[in-house]
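Comments concern the structure below.
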Amino acid sequence: MTDTSVLVDGDGAVRVTPDGDWETTTRVVGFRCTSGDWVEAAWTGVDLAAALDAAGVPAETTHLVVESDDEYRVCLPVADCLDALVAFDGETEPESDRPTANEGTFPRVVAPGIDGPHTPKNAARIEPVALDAGEDRADRETLP
1 MTDTSVLVDG DGAVRVTPDG DWETTTRVVG FRCTSGDWVE AAWTGVDLAA ALDAAGVPAE
61 TTHLVVESDD EYRVCLPVAD CLDALVAFDG ETEPESDRPT ANEGTFPRVV APGIDGPHTP
121 KNAARIEPVA LDAGEDRADR ETLP
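Everything in the sequence shown is counted per UniProt numbering, starting at 1 for the first residue and increasing by one.
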């Protein structure tokens, strides 16, 4: 079985899972996929802000590096992640045809204002980082 947890680093790292002790919520979020298609869905998952708080993310954190299980990495400004979810389900298709967390799509970090290429599928780790003024976040990314 595929590991569907996401490690959130901080002073006390935590694992976010689709079940267990984490409260889940549903939000409608849309973005333009890498394919060019517009995807809008009711995504269900754990509030990223709650996970960051539980992990004890350092106050100087400016960005979050989200890494998928295939080492796809994106670097997101914390300000863009205030309404983000660590999503474990998204109603993008009829329920009978929808992929599940074990079928290679979830978990996924989604938020209003974050484009599709910056919402990697199969998120495995979220690392808080503090970029220096003028440091390009793209230097921390590994995109296809």
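Glycine included, every Cβ here is placed at the ideal spot set by N, Cα and C.
Source: prediction; values computed, not measured.
With DSSP as the reference, label residue i as helix, strand or coil.
| i | result |
| --- | --- |
| D89 | strand |
| M1 | Only weak support is given to the placement of M1: the predicted model assigns it a pLDDT of 43, under 50, and the question is left unresolved by the model. |
| G116 | helix |
| D80 | helix |
| D47 | strand |
| A55 | helix |
| A138 | helix |
| T26 | strand |
| A111 | coil |
| L7 | strand |
According to DSSP, which residues form a beta bridge with residue i?
| i | result |
| --- | --- |
| W38 | R32 |
| D132 | Partner(s): none; D132 has no beta bridge. |
| G64 | Sequence check: residue 64 is Leu here, not Gly. Bridge partners of L64: L76, P128. |
| A123 | S68 |
For a quick check, are the C-beta atoms of residue i and residue j less than 8 Å apart?
| i | j | result |
| --- | --- | --- |
| G116 | V65 | no |
| residue 159 | V57 | Any question about residue 159 goes unanswered here, given that the chain covers just 1 to 144. |
| A55 | A13 | yes |
| A130 | E60 | yes |
Quick check on the burial criterion: 16 or more other C-beta atoms within 10 angstroms. Buried or exposed for residue i?
| i | result |
| --- | --- |
| D11 | exposed |
| T25 | exposed |
| L48 | buried |
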